[in-house]
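Here the sequence shown is numbered in our numbering, starting from 1261 and rising by one per residue.
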Amino acid sequence: MSEGVLRHCTEMQGERQYVDSKGQSEIGFAFCHLLGFDLLPRLKAIASQKLYRPVSGRAGDYPNLQDILTRPINWELIRQQYDEMIKFATALRLETAEPESILRRFTRNNLKHPTYQALAELGKAVKTIFLCRYLDAESLRQEINEGLNVVENWNSANGFIFYGKGGEIATNRLEDQEIAVLALHLLQACLVYINTLMIQQVLESPSWFEKMEPEDFRALSPLIYHHINPYGIFELNMGERLPIETKAAA
1261 MSEGVLRHCT EMQGERQYVD SKGQSEIGFA FCHLLGFDLL PRLKAIASQK LYRPVSGRAG
1321 DYPNLQDILT RPINWELIRQ QYDEMIKFAT ALRLETAEPE SILRRFTRNN LKHPTYQALA
1381 ELGKAVKTIF LCRYLDAESL RQEINEGLNV VENWNSANGF IFYGKGGEIA TNRLEDQEIA
1441 VLALHLLQAC LVYINTLMIQ QVLESPSWFE KMEPEDFRAL SPLIYHHINP YGIFELNMGE
1501 RLPIETKAAA
């Protein structure tokens, strides 16, 4: 997820990243916050989430939230490891290290690592703020759902045009994997290009353009594929019988 935001080969600056429940973690919330964009997950088990208290010694605050409140955030640990956290985030941003190699250090196998613990604390604080926003704003929940629908539609399109292998790369050979992915990229570019031309041709007609509302323009996307037949068209002449060849007896 982080690599896709940081290395997308465009001039766009990502401000939000939509993921499902499996795409988020406390470490993910921490790194996204340090890198300057929002991690916006669609949480499936929202009822089991907990909110962390901002300070200690005030257990009586927020009486209506006692059932979902847990321990206070350890801000001192975050302050102690702040420089280390910034060092790793900067390495991600400047591409001086691969995201996989950095994030591999901050898994549950390194629970005692002080920087891991500080990132987890920061992630808990950021996630708590997100949960409050998520529960309070229906518009945010709708935005996340709409954003994920676009991604899921594109993933289904990839599986559709990569139909020969059921949407999977079924080989361990690096050369074959590279050819398969390059072919998929070519199909993606062709599909988007053709769909863009088709949409432009339709909107050139005043009768169609004048019917478009702002919501309709917002919903326009070249990521459509239901009009594509990946297997081609076989035309049959039902008025003729297929020729039957008979072998001469030996």
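Glycine included, each C-beta is placed from N, C-alpha and C at the ideal position.
Query raised in the report: Could you give the residue range of the beta strand (DSSP E) that holds P1301?
Result: As a position in the sequence shown, residue 1301 is number 41, starting the count at 1. Looking at the DSSP string, the run of the beta strand (DSSP E) that includes P1301 is 1298-1302.
Query raised in the report: Any idea which residues DSSP pairs Q1277 with across the strands?
Result: Counting from one through the sequence shown, the residue named residue 1277 turns up at place 17. In the DSSP output, where bridge partners are listed per residue, Q1277 has L1299.
Query - Spatial neighbours of Y1278 in its chain, beta-carbon cut-off 7 Å, leaving aside the 5 residues before and after - result: On the sequence shown, residue 1278 is found 18 positions in, with the first residue counted as 1. These residues qualify, in order along the chain: L1300, I1404, G1407, L1408, V1411.
Requested in this report: Measure how close the beta-carbons of A1385 and Q1341 come, nearest whole angstrom, since I'm counting them as under 8 Å.
Outcome: By 1-based counting over the sequence shown, the position of residue 1385 is 125. By 1-based counting over the sequence shown, the position of residue 1341 is 81. At roughly 14 Å, the Cβ-Cβ gap does not stay under 8 Å, so A1385 and Q1341 are not in contact.
Query - Through-space distance from A1290 to K1282, alpha-carbon basis - result: On the sequence shown, residue 1282 is found 22 positions in, with the first residue counted as 1. On the sequence shown, residue 1290 is found 30 positions in, with the first residue counted as 1. Those two C-alpha atoms are separated by around 16 Å.
Query - For Y1312, the first and last residue of its enclosing alpha helix (DSSP H) - result: Position 52 of the sequence shown, counting from 1, holds the residue named residue 1312. Note, Y1312: premise wrong, no alpha helix (DSSP H); beta strand (DSSP E) at 1311-1313.
Query - Helix, strand or coil at R1364 according to DSSP, with G and I counted as helix - result: The sequence position of residue 1364 within the sequence shown is 104, counting from 1. Correct three-state label for R1364: coil.
Query raised in the report: Taking the beta strand (DSSP E) that P1482 falls in, what are its first and last residues?
Result: To locate residue 1482, count along the sequence shown from 1; it is residue 222. P1482 -> no beta strand (DSSP E), and no H or E assigned at all.
Query - T1431 in three-state terms, based on DSSP - result: Here residue 1431 is taken as the residue at index 171 of the sequence shown, counted from 1. Coil, per DSSP.
**Report entry** C-beta atoms of L1446 and N1418 nearer than 8 Å
**Finding:** Within the sequence shown, the letter at position 186 stands for residue 1446. Within the sequence shown, the letter at position 158 stands for residue 1418. No, Cβ-Cβ distance for L1446 and N1418 is not below 8 Å.
Query raised in the report: Counting contacts by CB-CB distance shorter than 8 Å, is A1349 in contact with chain B?
Result: In summary, chain B is missing from the structure at hand, where a single protein chain is found.
Query raised in the report: Expressed to the nearest angstrom, what Euclidean distance is found between the alpha-carbon atoms of L1442 and E1470?
Result: Taking the sequence shown and counting its residues from 1, one reaches residue 1442 at position 182. Taking the sequence shown and counting its residues from 1, one reaches residue 1470 at position 210. Each residue's Cα considered, the two are about 40 Å apart.
Query raised in the report: What's the call for Y1394, buried or exposed, on a 16-neighbour Cβ count within 10 Å?
Result: Start at 1 with the first residue of the sequence shown, and residue 1394 comes out as number 134. Y1394 comes out buried.
Query raised in the report: Taking all protein chains shown into account, do 16 or more other C-beta atoms lie within 10 angstroms of the C-beta of Q1461, making it buried, or fewer, making it exposed?
Result: Numbered from 1 along the sequence shown, position 201 holds the residue referred to as residue 1461. Result: exposed.
Query raised in the report: If you count every other CB in all the chains shown that lies within 10 Å of the CB of G1288, and 16 or more means buried, which is it?
Result: The count along the sequence shown starts at 1 and reaches residue 1288 at position 28. G1288 is buried by the Cβ-count criterion.
Query raised in the report: Bridge partners of L1329, per DSSP?
Result: Here residue 1329 is taken as the residue at index 69 of the sequence shown, counted from 1. L1311, per the DSSP bridge assignment.
Query raised in the report: Grouping DSSP H, G and I as helix and E and B as strand, with all else coil, what is Q1341?
Result: Within the sequence shown, residue 1341 is the residue found at index 81, counting from 1. Q1341 falls in the coil class under three-state DSSP.
Query - Same chain, Cβ closer than 7 Å to L1391, five either side skipped, listed in chain order - result: Counted from its first residue, the sequence shown places residue 1391 at position 131. Cβ within range, chain order: Q1309, L1311.
Query raised in the report: Which stretch, first to last residue, makes up the alpha helix (DSSP H) that contains D1396?
Result: Stepping through the sequence shown from its first residue, residue 1396 is reached at position 136. Element bounds for D1396: 1374-1396.
Query raised in the report: Are L1483 and N1413 touching if we call contact CB-CB under 8 Å?
Result: In the sequence shown, the residue the question calls residue 1483 occupies position 223. In the sequence shown, the residue the question calls residue 1413 occupies position 153. Contact: yes.
Query raised in the report: Quick one: what's got a C-beta closer than 7 Å to K1347's C-beta in the same chain, skipping five residues either side?
Result: Along the sequence shown, read from residue 1 onward, the residue named residue 1347 stands at position 87. So the list is empty, once near-sequence residues are dropped.
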